[in-house]
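**Student:** Top line first, the protein sequences correspond to chains A, B and C.
Heads up, the first sequence is in the working numbering, so the first residue is 2 and it goes up one at a time.
Heads up, the second sequence is in the working numbering, so the first residue is 2 and it goes up one at a time.
Heads up, the third sequence is in the working numbering, so the first residue is 2 and it goes up one at a time.
Yeah, the Cβ is synthetic: ideal placement off N, Cα and C, and Gly gets one too.
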Amino acid sequence: MVALITDFGLKDHFVGVVKGKILQELEKPPFPTFIDITHEIPPQNIVAGALKLKFSYRYFPVGTIFLAIVDPGVGSLRRALVIETENYFFVGPDNGLFSPVLKEQKLSGIYEILTERMLRPPYSTTFHGRDLFAPAVAHLLKGVPFSEWTRPIEYEEIVSIEIPDPEPIAGGYRLDIIDIDRFGNLITNFSQELLKGGRAKVLINGQEVRLVRTYSDAERGELVALFSSEGLLEIAIREGSAKALFGDDLPEILILFFS
Amino acid sequence: MVALITDFGLKDHFVGVVKGKILQELEKPPFPTFIDITHEIPPQNIVAGALKLKFSYRYFPVGTIFLAIVDPGVGSLRRALVIETENYFFVGPDNGLFSPVLKEQKLSGIYEILTERMLRPPYSTTFHGRDLFAPAVAHLLKGVPFSEWTRPIEYEEIVSIEIPDPEPIAGGYRLDIIDIDRFGNLITNFSQELLKGGRAKVLINGQEVRLVRTYSDAERGELVALFSSEGLLEIAIREGSAKALFGDDLPEILILFFS
Amino acid sequence: MVALITDFGLKDHFVGVVKGKILQELEKPPFPTFIDITHEIPPQNIVAGALKLKFSYRYFPVGTIFLAIVDPGVGSLRRALVIETENYFFVGPDNGLFSPVLKEQKLSGIYEILTERMLRPPYSTTFHGRDLFAPAVAHLLKGVPFSEWTRPIEYEEIVSIEIPDPEPIAGGYRLDIIDIDRFGNLITNFSQELLKGGRAKVLINGQEVRLVRTYSDAERGELVALFSSEGLLEIAIREGSAKALFGDDLPEILILFFS
C-alpha cells in the first residue's frame, strides 16, 4: 500500500508519472495499491502538507508507505529521507514534512537516501518525485536492504518544523487558523484536549458564537464553533462557507474558559 | 469493488482517509479496487449527488458497493443505510441520495446501520465517512452477517426525493436544467423517451435551435440541442461552453412537438 | 495496467463510468490497475493531450494500455484506433493525439476499431469513452484477437499533428509556450538537445534572465529559465508563478547562442 500526498496538482501528468515510475521499477506484480490523500497542497507549502499528513496517516493499515512530496528545495542539497516508525514508512524530502507525525509515532529508524545511487541518468533536477522518490519507494516495496541505498542518520540531524500553538491570553487563548477545508470551514490550532473537560465560549471578531456538537445543531446560515474530526476547534456555517463570509479578511478567534 | 461518490472535494484528506480506513478495517488482502465516480458534488447538494449516481451505477460490475456521501445531516439522528438491490450494494446517509436508483433497481433489502455498534470511540460527529461508513463498507466486504450490525427497515421508512419532471405546457414542455457538466453543457430533465419517436423543436429564450445528433454535427460555436449520453436533452455549443454563454442567467428551454 | 488521460474533468461521472464499464465488460478478475495521468486536459485541446501523453508514457511499465480521449469529433465518422508499439498499447480517437508518441516508439501495428461491432445498443453519440473505447480496452485486456474487432490500417492513413518547432532567428530561436504547469511554469518548445552542449542566454521580453539548474538556485521571486524534467526550456519564478506574473499577456522568449 502506497499513500500519496503532494503539491503536484491534478492538471499535469506529475502524479500519474510518479505512480507509473514506481510500477516500472517494480517491473512485475505484485503491484501496490495506490491511495491518493491529496495532491492539492498549495505549492511549496510544507506546513500545509505536514498538517494534512498528520490528519491522515493513522487511518491507514499497518505497513503503509507514505510518499509525501512538497519540495521547494528539489535539486538542491537537501536530504531525501526514508523514515520507519512502529507502524509505517515515510518517504520524502527532509524539510519538516514529517515533523508532526514523528511527534506521535515511535521511531524505528531514519535513513538518508543515497541520491547518487538512486538517480539514474538522464535525471532531472526538478522532478525528484519521478527520478528519486519513485525508485526509492520501489526499493522499499522490493525489500532491498537499507544498507544498499541509504545511510542511517539521527533524529537531531533532520529538519524540524513547528505547527504554532495557540497564544495564551487572559482567561483563554487566541487561535490561529491553520487550515481551511473544501467546505470553507476554518480549522484552528486549538485542540479539544486543552479544554480539559471544562466549559468555554468562543468569540469571533469579539462576537460570541455558539459552540455546537455538529453542523446540523446550528441553524441554516448560523456561524458556529465546533470540534473537527481531528479534535480541533473549527468555525463553520451550516450549509454555508465561513471562508466565503470572511474572504481574505480572516477573523480573530478567541476561546475563553469559565468555571 | 467499491465505487465512491461524495462532496468531499480533492483538496483535503477526506477521500484518502475514507479509503485508508476501509483498508485498515480489513487489515489484510484481498483489498478492494476503488473507483472514484466524483468527489466534486457541490457541498451538501443531495439532488446533484443522486443524479450523478443515477447516471453512473449501471455501468459498474455486478456486486459493486457504492459508497455515496453527501450528508448535511452528519452527526444528527438521520439514519445510515445499506441497501441491497438485484445487482449492487449502496451505502450512505438516509436523505434521498439513492431515490432515483431505487426507482430503477429491483430491491433485495434495506438495512439501517446500527451506529452504536459501528462508531468506535473516539469518533467524530462531523466525519462519518471515516468513522461510520468506512467501517460499514468493510463489514460488507468481509461478509459480516447483516444481523450483527444492521436492522432491516421498510422502503416506506426511508427518505425519498424527487427529481423534478419537465412542466407540461401547450404542445410540449418547459424544461429544468438539472446538471451542468465540465464542458458547459446544460443537461435538462427531458428524457428522449418522452419524444415517443415523434418530432419536436427546441426553443432557447424563444429562439429555435437545431436538434442535432452529436456535437460535430453543429457548426463551431453554434448553440444546439441534442440528447446526452444519458438520454436527456442537453444544450451545447460545439467546441465551446453553453454555460459560459449564459453565465448565471440560465435560459428558458422549451420543447414543442409537431406532427 | 491501464493509464488514462482525458479532457473529462473530475466534477462529472465520466471518468468513473469509463473505468466501471471496462470492469463490467471484463466481468471477473483479474482486474487491471488504473493509473490516472490527468483528466484536466483543456476541453477538446488535442495538442495539450498529445503533449502530456508524450511527457508521460515512457515512465510506465512495458505492456501498459494508454486510453487517451480528447475527442471533439465524437459521434462523427472519425476513426477509433488501437495502436501497438514495441512497448505499449494506445487506444483513442484518430485525431493526432498519438502523433508525438509515434515519432518516438517503434510501431508494431495500427488498427481501426470496427465501431459497428463495439457499440452495443443503446449507445450514445456523445460518450464514446463509455460506449466504444471502454469495451475496446476490455477486448485488449481479454486478448480477443484483433481480427475480430479491428482492421489493420497504415500509418499514412491516420491523422497526424505537429507540435511546432521553435522559430530560428539570427543567432538563436524564438520559442513558443506549449504548456503551463500547475506551478505556473511556462514550458517552451526548446529542447535541451538543441543547445548541443553550447552556451546561450535567454531573453524574456528583451530582458536577460539567468539560466539556472534548478528552482532553488534562483533567489525567491526571481524570474529564471531552466530545463524542465522533460528537457524543455521553461520560465519559472522560485516559490512563485511565472503565469501569475504575466497573466494572459504571455511574454516573448528568445534564446541566443554565444561561443
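Which residues in the same chain as A:Val213 place their Cβ atom closer than 6 angstroms to its Cβ, once the five residues preceding and following it in sequence are excluded?
**Tutor:** Ala219, Val225 and Leu227.
**Student:** Whose CA, out of C:Leu103, C:Pro153 and C:Leu24, lies closest to the CA of B:Thr65?
**Tutor:** Comparing Cα-Cα distances from B:Thr65 to each of C:Leu103, C:Pro153 and C:Leu24, the minimum goes to C:Leu24.
**Student:** Sorted by chain position, which residues of the same chain lie with C-beta nearer than 6 angstroms to A:Ala49's C-beta, five sequence neighbours on each side aside?
**Tutor:** Once the five neighbours on either side are set aside, the close Cβ partners of A:Ala49 are Ile42 and Pro43.
**Student:** Residues in its own chain within less than 6 angstroms of A:Ser57 by CB, not counting five upstream and five downstream?
**Tutor:** Same-chain partners within the cutoff: Ile38.
**Student:** Beta strand (DSSP E) containing A:Lys12: first to last residue?
**Tutor:** No beta strand (DSSP E) contains A:Lys12, which DSSP labels as neither H nor E.
**Student:** Taking Cβ positions, are B:Asp180 and B:Leu52 nearer each other than 7 angstroms?
**Tutor:** In this structure, B:Leu52 lies closer than 7 angstroms to B:Asp180 by Cβ.
**Student:** Which chain B residues are close to A:Ala81, counting only those with a beta carbon under 8 angstroms from its beta carbon?
**Tutor:** Per Cβ cutoff of 8 angstroms: no residues; A:Ala81 is ~23 angstroms from chain B at best.
**Student:** Nearest to C:Leu133 by alpha carbon, out of C:Leu141, C:Thr116, C:Pro146 and C:Leu142?
**Tutor:** Residue C:Thr116 is the option with its Cα nearest to C:Leu133.
**Student:** Pick helix, strand or coil for B:Asp180, following the three-state DSSP scheme.
**Tutor:** Looking at B:Asp180 - three-state DSSP - the assignment turns out to be strand.
**Student:** Assign A:Gln208 to buried or exposed, taking buried as 16 or more other Cβ atoms, counted over all protein chains shown, within 10 Å of its Cβ.
**Tutor:** It is exposed - the Cβ of A:Gln208 has fewer than 16 other Cβ atoms within 10 Å.
**Student:** For C:Val138, I'd like the list of residues in its chain whose CB is within less than 7 angstroms of its CB, leaving aside the five on either flank, ordered along the chain.
**Tutor:** Once the five neighbours on either side are set aside, the close Cβ partners of C:Val138 are Val3, Ile23, Ile66, Leu68 and Val92.
**Student:** Could you check what DSSP says for C:Glu194 in three-state terms: helix, strand or coil?
**Tutor:** C:Glu194: helix per DSSP, three-state reduction.
**Student:** To the nearest angstrom, report how far apart B:Glu194 and C:Ala81 are at their CA atoms.
**Tutor:** Cα to Cα, B:Glu194 sits roughly 29 angstroms from C:Ala81.
**Student:** Does A:Thr126 come out as helix, strand or coil in the three-state DSSP assignment?
**Tutor:** The answer is coil: DSSP assigns A:Thr126 none of H, G, I, E or B.
**Student:** Could you round the C-beta distance between C:Ile256 and C:Leu176 to whole angstroms and report it? I think they count as a contact, below 8 angstroms.
**Tutor:** That pair is a contact at about 6 angstroms.
**Student:** Let me check understanding here. Comparing Cα to Cα, which of A:Ile205, A:Ala243, A:Thr215 and A:Ser230 lies closest to A:Gly222?
**Tutor:** It is A:Ala243.
**Student:** Let me check understanding here. Comparing Cα to Cα, which of C:Tyr216, C:Leu233 and C:Asn88 lies closest to C:Gly241?
**Tutor:** Of the listed residues, the one whose Cα sits closest to C:Gly241 is C:Tyr216.
**Student:** Among A:Lys20, A:Lys29, A:Val63 and A:Lys12, whose alpha-carbon lies nearest the alpha-carbon of C:His40?
**Tutor:** Nearest of A:Lys20, A:Lys29, A:Val63 and A:Lys12 to C:His40, Cα basis: A:Lys12.
**Student:** What are the start and end residues of the alpha helix (DSSP H) that includes A:Pro314?
**Tutor:** Residue 314 of chain A cannot be examined here, being either before or after the span of chain A that is shown, 2 to 260.
**Student:** I need the straight-line Cα distance from B:Gly201 to C:Tyr124, nearest angstrom please.
**Tutor:** The displayed chain sequence assigns Ala, not Gly, to residue 201 of chain B. Using only the alpha carbons, I get a separation of about 21 angstroms.
**Student:** Between the region 108–135 of chain C and chain B, which residues of the former have CB atoms less than 7 angstroms from a CB of the latter, in chain order?
**Tutor:** Hits within the stretch, in order: Ser125, Thr126, Thr127, Phe128 and Arg131.
**Student:** Interface residues of chain C around A:Glu28 at Cβ under 9 angstroms?
**Tutor:** The contacting residues are Pro62 and Val63.
**Student:** Spell out a yes or no on whether the region 144–164 of chain C and the region 233–240 of chain C are touching, meaning 3 or more CB-CB pairs, one atom from each, closer than 8 angstroms.
**Tutor:** Touching, no.
**Student:** Using the beta-carbon count (16 or more within 10 Å), is A:Glu231 buried or exposed?
**Tutor:** When all chains shown are included, A:Glu231 counts as buried.
**Student:** Of all the CB atoms in chain C, is at least one closer than 7 angstroms to the CB of A:Phe32?
**Tutor:** It does: the Cβ of A:Phe32 has a partner Cβ on chain C nearer than 7 angstroms.
**Student:** Excluding five sequence neighbours on each side, which residues of the same chain lie with their C-beta closer than 6 angstroms to the C-beta of B:His129?
**Tutor:** Cβ neighbours of B:His129 beyond the five flanking positions: Val75.
**Student:** Would you kindly report the start and end of the unbroken beta strand (DSSP E) that includes A:Gly97?
**Tutor:** Note, A:Gly97: premise wrong, no beta strand (DSSP E); not H, not E.
**Student:** Helix, strand or coil: which one does DSSP assign to A:Gly64?
**Tutor:** The answer is coil: DSSP assigns A:Gly64 none of H, G, I, E or B.
**Student:** Quick one: what does DSSP say A:Phe56 is sitting in, helix, strand or coil?
**Tutor:** Here A:Phe56 sits in helix by DSSP.
**Student:** Should B:Thr86 and B:Gln106 be called a contact, given that it needs their Cβ atoms to be closer than 7 angstroms?
**Tutor:** Yes, these two residues count as a Cβ contact at 7 angstroms.
**Student:** I'd like the span of the beta strand (DSSP E) that includes A:Leu133, first residue to last.
**Tutor:** Neither: A:Leu133 is in no beta strand (DSSP E) and is coded neither H nor E.
**Student:** Would B:Gly10 pass as a contact of B:Ile47 if the rule is Cβ separation under 7 angstroms?
**Tutor:** No; because the gap between Cβ atoms is not below 7 angstroms, this pair is not in contact.
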